[in-house]
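Read through the structure below, which is laid out as structure tokens, and then see the notes.
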Amino acid sequence: MNKIIEVKDVSKSYGGVVANKDISIEVQEGGITGLIGPNGSGKTTLFNSIVGYHPIDGGSIKFQNQEISKLQVQDIARLGLLRTFQQTRIYGAMDCVQNMLISLPHRKMSLNDMFSRNTKADYEKADRLLEFVGLYEKRFLRSGSLSFGQQKLLEFAMALMNEPTVLLLDEPTAGINPTLINGLIDRLRRANTEFGITLFIIEHNMRVIMNMADKMYCLAHGELLAEGTPDEIQNDQRVIDAYLGAH
Amino acid sequence: MNKTLLYGILIAGTIIAPFILPDYRTQLATMWLMIIVALTWDMTGGQMGYNSLGNIFFYGTGMYVAAVVGISLAYNVADYTNAAGGGIYKFTDGQYFGGIFLGSIAAGLFCAACAVIIGWITFGLRGPYFAIGTLGVAIAAGELVSNWDWVGGGQGIALPVYPGDFNIGKIFFYFLFAGLGCAVFIFVKWLYSTRFGAAMNAIRDDEEKAEAMGIHTLRYKLIAWAMAAFFVGIAGAISAFQLIHFEPLETAYQTINLGIFMVVCVLLGGKGTLWGPVIGAIMFHVFKEVTWNYLLGWQWVALGALIVVTVVYFQDGVMGWLMLKRPEWFGMKVEQKTASAEAVK
Amino acid sequence: MDQVLGNIDLLFQFPVVNVKILMDGLMIGALFAVAAYGLALVWGVMNVKNLAQGDFVIAGGYVSWWLAQKGLPPLLGVPIAFIVLWGVGWVLYKLVISRVIGRDLFTSLLATFGIAIMIAQILNLIFGSDTQSIKLPYDTLYFFDGFVDVPIAKLIGVIMAATLATGVVVFMKKSRMGQAIRATAQDPRAARVMGIDTEKVYAFTFSLNSAICGAAGAIIVMVWLIQPFYGITYSIRSFVIVTAAGLGNLPGVIAAGLGIGALEQYGAHIFGIGYQQAVAVLLLLLVLLVRLAQQRRNRQVLQ
């Protein structure tokens, strides 16, 4: 396994507030990497730095050995590095199938592909993935009318439709019915093993992330507090303190 | 089957209209012009969410490009536009029709190129900035061209009249506009069915999401606007020869005239729909032709009021209203489809 | 082209010409800044991009001009234009603007564009399309051996503009209504929860804006020319200034206003008076481009 995302000494502050300070992490290709930390520890800021929503103050971010810290969001997305949003973003006025079809990987399209209609295979793929996340019955509903959890699943399916190399998930289980969480964990694992997508996940739910991740990082107060396997993190006194201290 | 019949009737109506309404040939041609500019405005405005107030730039530029190309087939442009020269300029039939043909193509291509260049600058702008930026481009172009003596300055350019019978000329221009209008309609109908069309809608609904999904938004926006500009440029070229004489500010870059009409047409008919711009353009044009002369100079005030009322109270237009009242006409059978899907399962 | 080069050459051969252009530009720029401040106010508080801004200015100018024709002292026209345009703004708010707040931005832009067309056309029907101005019975001061002439009327105009601007700024800082306006600008929902009648605040803000514009127009008619269709250029100038300065940045608005005024005068001098409008518009494109490049470096877009 080699590292696919390499974050080195990244710092970012908003005005006087330091959100990230000299953070270095690595995401291994083909694995599931977790990022935890109390509220306000700078997790989402780090995500946004990686996918290009704001400039970083210092350090370097590499994706497949290519420096991406100066690129725009869409350029990074076109490299195959995709993210989902903490507050889901879907095209609310369209139905689920349309949402899926728009998410076809445009980066892989030639001009000819772009100006042709969606093929039968595209529809089948959309249906298959909607079934995969359990939204098949709702596929002709306006996506804006779905519940928050369902929208989240739809966004996940859209991301899969896009065939990314790496998928950054911002709190995938937040707002999802607890009874569905086990199913979601299963789907995330299958996305990793069956579709071969490297996952990098921010998660608050310790049970979820400890179950899935093979490598974890813990942030606190904008700094990297600990890293290691889930077991190591679980038993790290500093991590426990950070969480207890934050509450 | 029903649809084939509808299209058949429409095409037949288009063909016989100038013959059964001989007094209204010019108005009918102008109606097609409205349909063209409304349809092309909707490509970026309705389908992509980029509301340009400067599409009239392509109309005016198309006029000038076509005129310059048409004249230069026969004469030196600077001599021709220099009114003080007082020379008499005659065009052969070949030069005249060649001028229209080559002028239209040149106008279309030139405008498409302009759209790419201007779009490359302005498409970084979102929402109101884009609207104001494009409006600025149109106004600046009008001012600059009216100071440019090579193309006649503020006087504009006079083109040769149609060689041959006056009435045949009217029919000729009617069919040029009607043909272009049909071509635009077929083109956008096809375009909206492709993946490109879907991407345009994605940009409209949530551009940030579209970017995050790796859609090359700038490229798509440029292509869409260039296509719109291509057709508007050709429409401008035909207008130049139809009107015979045009001025930079009043005719070519008529910002508050046609430039705003096209937006009103689309809003009246329904933004982001295929038929909305067509219906809106016909409604607006008929309304305008019928009432204009009775408003005794207040027509422009009425136009302003119409814009305000449409925008504030009737923004979804006829099609939006119909969709609300008769959703089944638009295949929105959400309940049934879900039910049947569940039944299958 | 030769003429353009000649005009540029003139600037270097006779440096006092620069002084004259700068004086003219700064004086007119002060009035641009006042109108732009009004736009920034409406933009910031109710998120309405008002394209009728310039037409309020011109309307105010005509109010003052009409009164002067009737024999009133021109300086009195400024407060009267302020009051009349306040009323116009209030009526427009109740009829139109109150219904577009909170809708998508193009709605407010297009609605105000419709209003702009209406105002311009009504002025044209009532007053005709000739350019108008008021001649004030004051002397002209001469500097630099008569190269630089400063009519006292223009100085009075600048002083009045400064007074108007100061008055508005003090009002916004000190008065209860000013505080309510600033609170609403930051968070309308929170303001409502705290018992501020945001509807009233919006109506007040929009009326205040059109009144400011009207007063600015009444000053402009004394120092420059007005014409029913000049409005759109003033709107665009206001947008240039606000875009360049950013919202809620008063020193920036003043600096940008003065800068635009000076640049326009230079443009008119170099390219000829026929290009004055074009220069104003091209400045808009230039400012948008610069802002765009800045935002791009921040991986952001201009919204």
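Protein chains in written order, with the working numbering: chain R, 77 to 323; chain D, 19 to 363; chain Z, 2 to 304.
The C-beta atom is built at its ideal place from N, Cα and C for all residues, glycine as well.
Any idea if residue i is buried or exposed, counting beta-carbon neighbours within 10 angstroms, 16 or more meaning buried?
i, result
"Ala-263 of chain Z", "buried"
"Lys-363 of chain D", "Unreliable positioning characterises Lys-363 of chain D in this predicted model, as indicated by a pLDDT of 37, which lies under 50. The coordinate reading is nonetheless provided below. Lys-363 of chain D should be labelled exposed."
"Asn-94 of chain D", "exposed"
"Lys-174 of chain Z", "exposed"
"His-323 of chain R", "Low local confidence applies: a pLDDT of 46 at His-323 of chain R is under 50, so the model's placement there is unreliable, and no value is given."
"Phe-302 of chain D", "buried"
"Asp-140 of chain Z", "exposed"
"Ala-361 of chain D", "Residue placement at Ala-361 of chain D cannot be trusted, given a pLDDT of 39 that sits under 50; what the coordinates show is reported in the next sentence. Exposed."
"Pro-36 of chain D", "buried"
"Ala-197 of chain R", "exposed"
"Leu-28 of chain D", "exposed"
"Lys-228 of chain R", "buried"
"Met-119 of chain Z", "buried"
"Phe-144 of chain Z", "exposed"
"Trp-339 of chain D", "exposed"
"Phe-172 of chain Z", "exposed"
"Leu-337 of chain D", "Rather than Leu, the amino acid found at residue 337 of chain D in this sequence is Met. So Met-337 of chain D ends up on the buried side."
"Lys-108 of chain D", "exposed"
"Met-218 of chain D", "buried"
"Gln-180 of chain Z", "exposed"
Suppose contacts are defined by Cβ-Cβ distances below 7 Å. Is residue i in contact with residue j by that definition?
i, j, result
"Gly-199 of chain D", "Ile-53 of chain D", "yes"
"Ala-121 of chain Z", "Pro-189 of chain Z", "no"
"Ile-261 of chain Z", "Gly-30 of chain Z", "yes"
"Ala-279 of chain Z", "Ala-125 of chain D", "no"
"Ala-112 of chain Z", "Val-330 of chain D", "yes"
"Leu-137 of chain Z", "Ala-154 of chain Z", "yes"
"Leu-51 of chain D", "Phe-195 of chain D", "yes"
"Leu-286 of chain Z", "Gly-142 of chain D", "no"
"Val-86 of chain R", "Ser-125 of chain R", "yes"
"Leu-177 of chain R", "Asn-194 of chain R", "yes"
"Gly-249 of chain Z", "Gly-39 of chain Z", "no"
"Ala-162 of chain Z", "Val-288 of chain Z", "no"
"Thr-255 of chain R", "Asn-281 of chain R", "no"
Mind listing the chain D neighbours of residue i? Cutoff is C-beta to C-beta under 7 Å, in chain order.
i, result
"Met-119 of chain Z", "Val-319, Gly-322 and Ala-323"
"Phe-191 of chain R", "Thr-212 and Phe-214"
"Arg-159 of chain R", "Ala-230"
Note down, in chain order, every chain R residue with its Cβ under 7 Å from the Cβ of residue i.
i, result
"Asp-334 of chain D", "Neighbours of Asp-334 of chain D on chain R: none; closest Cβ ~13 Å, over 7 Å."
"Glu-229 of chain D", "Val-149, Gln-150 and Ala-153"
"Phe-159 of chain D", "For clarity, residue 159 of chain D is Ala in the given sequence; the question names Phe instead. The premise fails here: Ala-159 of chain D is roughly 30 Å from chain R at the closest Cβ pair, so nothing lies under 7 Å."
Residues of chain D with a CB under 9 Å from the CB of residue i: which are they?
i, result
"Leu-289 of chain Z", "Ile-139, Thr-140, Gly-142, Leu-143, Tyr-147, Ile-150, Gly-151 and Gly-154"
"Ile-273 of chain R", "Chain D residues near Ile-273 of chain R: none, gap ~14 Å exceeds 9 Å."
"Leu-177 of chain R", "Arg-213 and Ala-216"
List, in order along the chain, the chain D residues whose C-beta lies closer than 8 Å to that of residue i?
i, result
"Pro-325 of chain R", "With chain R running from 77 to 323 in the structure shown, residue 325 of chain R is simply not present."
For residue i, return the contacting residues in chain Z, with the cut-off set at a CB-CB distance below 8 Å.
i, result
"Val-330 of chain D", "Val-97, Arg-100, Val-101, Thr-108 and Ala-112"
Determine the chain Z residues that contact residue i at a beta-carbon separation under 7 Å, and present them in chain order.
i, result
"Asn-73 of chain D", "Simply none; closest approach about 14 Å."
"Ile-274 of chain D", "Ile-118"
Name, please, each residue of chain R whose Cβ falls closer than 8 Å to the Cβ of residue i.
i, result
"Asp-223 of chain D", "Tyr-167, Gly-168, Ala-169 and Met-170"
*How do the stretch 174-183 of chain D and the stretch 85-99 of chain D stand: do at least 3 beta-carbon pairs fall below 8 Å, yes or no?*
yes
*Contact residues within the stretch 231-256 of chain D, judged by C-beta distance below 7 Å to chain R*: Met-231, Gly-232, Ile-233, His-234 and Thr-235
*At a cut of 8 Å, does the stretch 63-78 of chain D reach the stretch 273-282 of chain D through at least three beta carbon pairs?*
yes
*Does the pairing of the stretch 90-104 of chain Z with the stretch 126-138 of chain D give three or more beta-carbon distances under 8 Å?*
no
*Should the stretch 157-171 of chain D be called in touch with the stretch 107-127 of chain D, which here means at least 3 C-beta pairs below 8 Å?*
no
*asked:* Taking 8 Å as the cut-off, does the stretch 179-196 of chain Z touch the stretch 3-18 of chain Z (at least 3 CB pairs, one atom from each stretch)?
replied: no
*Could you say if the stretch 192-204 of chain R and the stretch 253-264 of chain R meet the contact criterion of at least three C-beta pairs nearer than 8 Å?*
no
_For the stretch 206-224 of chain Z against the stretch 82-99 of chain Z, do three or more pairs of beta-carbon atoms, one drawn from each stretch, fall closer than 8 Å, so that the two count as touching?_
yes
*Give the residues from the stretch 174-204 of chain D that approach chain R closer than 7 Å (Cβ to any Cβ), ordered along the chain.*
none
*Evaluate contact between the stretch 56-69 of chain D and the stretch 258-270 of chain D, counting only Cβ atoms and requiring at least three cross-stretch pairs below 8 Å.*
no
*Mind the definition here: the stretch 290-298 of chain R touches the stretch 110-126 of chain R only if three or more C-beta pairs lie below 8 Å; say whether that holds.*
yes
*Closer than 8 Å, Cβ to any Cβ of chain D: which residues of the stretch 255-285 of chain R, in chain order?*
none
*Can you find at least 3 beta carbon pairs, one from the stretch 17-36 of chain Z and one from the stretch 179-188 of chain Z, that sit closer than 8 Å?*
no
*the stretch 168-188 of chain R in contact with the stretch 234-254 of chain R per 3-pair CB rule at 8 Å*: yes
*Of the residues that make up the stretch 122-136 of chain Z, which ones have a beta carbon closer than 9 Å to any beta carbon in chain D?*
Gln-122, Ile-123, Asn-125 and Leu-126
*Quick one, which residues of the stretch 236-248 of chain Z are near chain D if we go by CB-CB under 7 Å, in chain order?*
Ile-237 and Phe-240
*Within the chosen definition, does the stretch 271-284 of chain R reach the stretch 212-227 of chain R through at least 3 CB pairs nearer than 8 Å?*
no
*Note down, in chain order, all residues in the stretch 271-287 of chain Z with a beta-carbon under 7 Å from any beta-carbon belonging to chain D.*
Gly-275, Tyr-276, Gln-278, Ala-279, Val-282, Leu-283, Leu-285 and Leu-286
*For the stretch 84-103 of chain D, which residues have a CB atom closer than 9 Å to at least one CB atom of chain R, in sequence order?*
none
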